[in-house]
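Novice: With this note's numbering, letter number 107 in the sequence shown gets 163, and the count goes up by one each step, no holes. Think of the CB as a built atom: it goes at the ideal place given N, C-alpha and C, for glycine as much as any other residue. The structure displayed is predicted, hence computed values, not measured ones.
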Amino acid sequence: MKRLLPLLLCFFALPAGAQPPPHDAAPQSALAVAAKSYILTDVQSGQTLAGQNVHERVEPASLTKLMTAHVVFSALRQKRVTLTQTVPVSERAWRTQGSRMFIEPNKPVTIDELMRGMIVQSGNDACIALAEAVAGSEVVFVQMMNKEAGRLGMKNTRFANSTGLPHPEHYTTAHDLSLLAAAMIRDFPEYYPLYSLREYTYNKITQPNRNRLLWLDPNVDGLKTGHTEAAGYCLITSAKRGERRLISVVMGTVSDNARTMESQRLLNHGFQFYDTVHLYRKEHEVAAIPLWKGAQNKLKTGFDHDVYFSLPKGQSDKLKARMEYKQPLIAPINAGQKVGLVKFTLDGKPMAEHPLVALENVNVANIFGRAWDSMQMLFN
57 MKRLLPLLLC FFALPAGAQP PPHDAAPQSA LAVAAKSYIL TDVQSGQTLA GQNVHERVEP
117 ASLTKLMTAH VVFSALRQKR VTLTQTVPVS ERAWRTQGSR MFIEPNKPVT IDELMRGMIV
177 QSGNDACIAL AEAVAGSEVV FVQMMNKEAG RLGMKNTRFA NSTGLPHPEH YTTAHDLSLL
237 AAAMIRDFPE YYPLYSLREY TYNKITQPNR NRLLWLDPNV DGLKTGHTEA AGYCLITSAK
297 RGERRLISVV MGTVSDNART MESQRLLNHG FQFYDTVHLY RKEHEVAAIP LWKGAQNKLK
357 TGFDHDVYFS LPKGQSDKLK ARMEYKQPLI APINAGQKVG LVKFTLDGKP MAEHPLVALE
417 NVNVANIFGR AWDSMQMLFN
């Protein structure tokens, strides 16, 4: 039977300077959002700041085009297609229903033009043409979309097409869409600015971006609108103030104006009532913990990623950290190896857990050092 090693618990102070300036604790008024489902997340911390029915299945409508773009951007990065590549327009793409950028069968169009037509004009014809250019057919392209959804952790999402046109097996959730939006911003910074374009002209037809917040809020720089009769009016929005970036997803509102106003309400709530603090930097030493039978008797430990927290204003002093690590910890140790866990609580309530990893390689001690530590371990 495998013997369980004891865990050493250690409470430690948070790093100086990590906390935001003190605020008077402002009471948070009840947040009422007129939407079927919604979610507000902080990109740096990954935390959900507000939400309702976040895992409820909904139709994504044209928000689907975020995943279409994600797959196309991946193909561009892998050089399977290029921005200047011309694409023949199939009759199927030309005849696609819904919003269009008005491509024509006898007029070749570039990948770059199709991307802008899909992102700014929400062209369904552009989606079909891109899918056929990247994968040969929309059927194969949709398989790529679903594979990518699985990789991103979108557990309650399934795509049946690249456009967002209604289909009984085409669904997602507000939570999954927030994951997709964050991935878009994180993974493709070179293409993300396309989502802030206010209009695009193709075939002598100028169409505006339907995201009205691009005009109303200078901090908003994306992402996408959607609408069908069944889905209602939907909007994924991202805004950045200083170093903070928030993402709001609003599904199933009753009008274009409603999705705009409710999204603005969510973003203002997040910026007004929360601070995001950078507690620990990647590979910065958090603690030196005891090490046995090694070339040294202390091991530098920390995190293999930056650690951020989004906290209600006025409550930063209630954040506590507890470190747990196995003892005895015996060499050799490799850098990046998990050696423990740091648990964070806010006002006594569990908030998050982050793996504690070794920040250095430590070889075994010589025979005399190992013998001495073995003797010490007998008495400890």
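Whose C-alpha, out of Asp-331, Ala-149 and Leu-412, is nearest the C-alpha of Leu-375?
Specialist: For this step, residue 375 is matched to residue 319 along the sequence shown. Ranking Asp-331, Ala-149 and Leu-412 by Cα distance to Leu-375 puts Asp-331 first.
Novice: If you run the structure through DSSP and keep just helix, strand and coil, what is Ile-423?
Specialist: Residue mapping note: residue 423 aligns to position 367 of the sequence shown, counting from 1. Helix at Ile-423.
Novice: Quick check on Arg-337: does DSSP put it in helix, strand or coil?
Specialist: Taking the first residue of the sequence shown as 1, we reach residue 337 at position 281. Correct three-state label for Arg-337: coil.
Novice: Could you spell out the range, first to last residue, of the beta strand (DSSP E) harbouring Ile-292?
Specialist: Counted from its first residue, the sequence shown places residue 292 at position 236. Segment 288-297, the beta strand (DSSP E) holding Ile-292.
Novice: Less than 7 Å between C-beta atoms, sequence neighbours within five positions excluded: which residues of the same chain meet that for Met-157?
Specialist: Numbered from 1 along the sequence shown, position 101 holds the residue referred to as residue 157. Cβ within range, chain order: Gly-173, Gln-177, Gly-179, Asp-181, Ala-182 and Tyr-258.
Novice: Note the first and the last residue of the continuous alpha helix (DSSP H) segment covering Pro-123.
Specialist: If you number the sequence shown from 1, residue 123 lands on position 67. In the sequence as presented, Pro is not what sits at residue 123; that position holds Met. Segment 121-133, the alpha helix (DSSP H) holding Met-123.
Novice: Measuring alpha carbon to alpha carbon, tell me which of Thr-316, Arg-337, Ala-216 and Asp-273 ends up nearest Ile-452.
Specialist: Nothing about residue 452 can be read from this structure; the chain reaches only from 57 to 436.
Novice: Residues in its own chain within less than 7 Å of His-410 by CB, not counting five upstream and five downstream?
Specialist: Against the sequence shown, residue 410 aligns to sequence position 354. Answer for His-410: Phe-359, Val-363 and Val-398, listed in chain order.
Novice: Return the CA-CA distance between Ala-88 and Phe-129, expressed in angstroms with no decimal places.
Specialist: Taking the sequence shown and counting its residues from 1, one reaches residue 88 at position 32. Taking the sequence shown and counting its residues from 1, one reaches residue 129 at position 73. Each residue's alpha carbon lies about 36 Å from the other.
Novice: Helix, strand or coil for Leu-250, going by three-state DSSP, please let me know.
Specialist: To locate residue 250, count along the sequence shown from 1; it is residue 194. Residue state, collapsed to three classes: helix.
Novice: Classify Asp-277 as buried or exposed, calling it buried when 16 or more other Cβ atoms lie within 10 Å of its own Cβ.
Specialist: Translated into the one-based positions of the sequence shown, residue 277 becomes position 221. By the neighbour-count rule (16 or more Cβ atoms within 10 Å), Asp-277 is buried.
Novice: For a quick check, are the C-beta atoms of Ala-230 and His-126 less than 9 Å apart?
Specialist: Within the sequence shown, numbered from 1, the residue matching residue 230 stands at position 174. Within the sequence shown, numbered from 1, the residue matching residue 126 stands at position 70. Their beta carbons are not under 9 Å apart, which means Ala-230 does not touch His-126 by this criterion.
Novice: Name the DSSP bridge partner or partners of Ala-106?
Specialist: Position 50 of the sequence shown, counted from the first residue, corresponds to residue 106. Bridge partners of Ala-106: Leu-96.
Novice: Assign Asn-417 to one of three DSSP states: helix, strand, or coil.
Specialist: Looking up residue 417 in the sequence shown gives position 361. If DSSP states are grouped into helix, strand and coil, Asn-417 belongs with coil.
Novice: Alpha helix (DSSP H) containing Met-201: first to last residue?
Specialist: Walking along the sequence shown from the start, residue 201 turns up at place 145. Looking at the DSSP string, the run of the alpha helix (DSSP H) that includes Met-201 is 194-207.
Novice: Any contact between the segment 218-233 and the segment 101-116? By contact I mean 3 or more CB pairs, one from each, below 8 Å.
Specialist: Cβ pair count under 8 Å is three or more, so yes.
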